[in-house]
Amino acid sequence: MSLFSSIINNPIGLKPHQPLIILQSSSAQTCYPILRNLISNFRPTTQTLLFCFLHPPSSLINVDEAPNIIAFDFTERIPGYDDPWCGPQDEVLARINSVPPGSLNVIIDSVDTLTSDLGTTSKTYKFIRTLLGLITTRSEPSILTLHVQPSPLLELLTQTSLSPTLIHLTAHPPAIITHIASAYLTHPPPVGPADKFWSIFIPFSERIHESERLVYGPEGNGTSAGAWVGKGTREFVVEVLVRGGGKRGVERTVEGWKGDVPCDLQALGSLKSIWTRRKTEEARPDPTQNISFNLNLTPSQERSRAQVPLPYAHEGNPVTTTGAILYDPDSADDIDDDDPDEDLDI
């Protein structure tokens with residue numbers, strides 16, 4: 025089973041336990057299908073609290089089919105319109121503290137809207153830190169899941185000072201993989217070299233405008249990020265980052281999402297062209313084959329060639345630190361020690 029599939033199918037069963045899961049969307053690609061699938065795979069015996077600030081709970085769960093999930097709809101609470109305005113912090117904390125001891129899953133959709141309600145990034149960060157503290161101090165493994173978009177707060181949430189362990193799932197449009205394969209001739213691992221791919225993919229994906237240009241630009245397919253409402257044949261790419269605790273390092277992969285389940289990248293129809301192109305390049309005939317003479321050298325011929333001295337007249341001569349001019353006279357040069365002006369009466 026792939027790393028991504030193991031996270032989706034059993035997030036609490038990961039070793040070591042990961043109490044913080046961050047799902048990152050962008051204007052070019054949403055990760056809501058991942059969030060819905062993740063919620064549906066939480067154990068029925070585990071209490072789950074869903075706090076919705078952006079989309080109504082009905083877009084994420086079927087309340088009748090999930091008795092272990094309690095949803096709270098904050099989408100209609102808007103600062104400046106509710107009189108008197110009461111922030112959500114106290115109510116969210118009270119709901120979490122009211123859950124009996126045991127495993128608990130807390131989901132917030134979305135942290136960006138929550139930041140808008142609270143007013144500042146610092147207040148939201150302190151609030152998230154408090155929530156994570158309540159999660160990590162419970163007697164049974166529990167999870168705090170946050171849905172975010174690229175923002176200054178995201179940089180704070182991914183720091184080890186908040187949580188040394190982390191699962192960070194980022195949704196990307198398939199156009200990024202296609203562009204890197206075409207422009208940089210680099211395929212994702214294991215087909216291509218991992219070091220080269222990540223050195224290109226990470227900085228490119230962090231430039232949000234590049235993803236938007238690939239999707240909504242003149243050559244993009246214009247797929248809306250809101251297409252998560254329907255299932256069917258939707259496809260996108262998921263960057264999976266797992267940061268462990270202690271001596272465990274960081275594990276990073278890139279996988280696919282098709283329909284409503286994770287899959288291998290090569291199963292995505294939107295990336296079919298890059299694998300076909302690569303197979304064509306690998307099957308291209310060798311121009312040194314089927315010719316009447318041999319262009320290759322045997323090992324003994326290569327050793328003999330390496331022993332041939334290079335034809336440089338001054339090779340091996342020491343070079344002074346003060347500099348010197350070395351000159352090899354041609355056969356037509358008239359060089360002698362006589363004074364060329366000795367016949368002049370000066």
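Convert by adding 24 to the 1-based position in the sequence shown; the result is the number in the numbering used here.
Ideal Cβ placement from N, Cα and C applies to all residues, glycine included.
Exposed unless 16 or more other CB atoms sit within 10 angstroms - verdict on residue i
i: S297; result: exposed
i: K282; result: buried
i: Y351; result: exposed
i: P286; result: buried
i: Y105; result: exposed
i: Q183; result: exposed
i: C55; result: buried
i: N129; result: buried
i: I315; result: exposed
i: I120; result: buried
i: F225; result: buried
Pairwise C-alpha distance: residue j and residue i
i: A195; j: Q325; result: 54 angstroms
i: T144; j: V135; result: 12 angstroms
i: I94; j: C76; result: 11 angstroms
i: P214; j: L74; result: 37 angstroms
i: L292; j: D219; result: 23 angstroms
i: P176; j: A90; result: 34 angstroms
i: K147; j: D133; result: 17 angstroms
i: P57; j: D284; result: 6 angstroms
i: I349; j: Q331; result: 29 angstroms
i: S83; j: I31; result: 22 angstroms
i: A118; j: L138; result: 17 angstroms
i: R153; j: Q53; result: 27 angstroms
i: V116; j: S140; result: 16 angstroms
i: R101; j: I85; result: 20 angstroms
i: P227; j: A207; result: 15 angstroms
i: G111; j: Y149; result: 15 angstroms
i: R329; j: F317; result: 19 angstroms
i: L404; j: T99; result: Only positions 25 to 370 of the chain appear in the structure, and residue 404 is not among them; the question remains open.
i: V172; j: S122; result: 26 angstroms
i: T322; j: P333; result: 19 angstroms
i: S185; j: I232; result: 25 angstroms
i: F221; j: E279; result: 14 angstroms
i: R258; j: D288; result: 14 angstroms
i: L209; j: G273; result: 29 angstroms
Whole-angstrom C-beta distance between residue j and residue i, which should lie under 8 angstroms
i: P198; j: L295; result: 6 angstroms
i: V261; j: T277; result: That belief does not hold up - the Cβ atoms of V261 and T277 are roughly 11 angstroms apart, past 8 angstroms.
i: P40; j: G268; result: 6 angstroms
i: S235; j: I200; result: 6 angstroms
i: L170; j: L181; result: 7 angstroms
i: S50; j: P174; result: 6 angstroms
i: E275; j: L27; result: 7 angstroms
i: T69; j: I131; result: Incorrect: roughly 17 angstroms between the Cβ atoms, too far for contact.
i: H203; j: L238; result: 6 angstroms
Chain-order list of residues whose beta-carbon lies under 7 angstroms from that of residue i (same chain, five-residue window excluded)
i: A205; result: H211 and I298
i: S29; result: P286
i: Q290; result: W299
i: D97; result: C76, P80 and P81
Spatial neighbours of residue i in its chain, beta-carbon cut-off 8 angstroms, leaving aside the 5 residues before and after
i: V87; result: P81, I93 and A95
i: P43; result: L156, I159, T160, P165, S166, I167, L168, S187 and T189
i: P35; result: Q42, I45, L62, N65, F66, I167 and I191
i: S163; result: P125 and G126
i: S229; result: T194, H196, I200, S235 and E263
i: N33; result: M25 and N65
i: R327; result: none
Residues near residue i by beta carbon distance below 6 angstroms, same chain, minus five either side
i: Q113; result: F151
i: V266; result: I191 and E275
i: L78; result: D133, S134 and T137
Near the ligand MG: residue i beta-carbon under 7 angstroms from a heavy atom
i: D88; result: No copy of the ligand MG occurs in the structure displayed, which carries no ligand at all.
Every unbroken beta strand (DSSP E) within the region 259-302, with a cutoff of 3 residues, ordered by chain: Runs found: 259-267, 274-282 and 285-287.
Unbroken stretches of the alpha helix (DSSP H), 4 residues or longer, contained in the region 205-246: Every alpha helix (DSSP H) of 4 residues or more that sits fully in the region 205-246 is shown, in chain order, as 218-230 and 232-240.
Complete runs of the alpha helix (DSSP H) confined to the region 84-154 [at least 4 residues]: Segments of the alpha helix (DSSP H) lying fully in the region 84-154: 113-121 and 135-142.
Completely contained alpha helix (DSSP H) runs for the region 27-95, where each covers 4 or more residues: The region 27-95 contains, as complete alpha helix (DSSP H) runs of 4+ residues, the segments 27-33 and 56-64 (chain order).
Ordered list of alpha helix (DSSP H) runs contained in the region 153-183, each at least 4 residues: When DSSP assignments are scanned along the region 153-183, the uninterrupted stretches of alpha helix (DSSP H) that are 4 or more residues long and fall wholly within it turn out to be 176-181.
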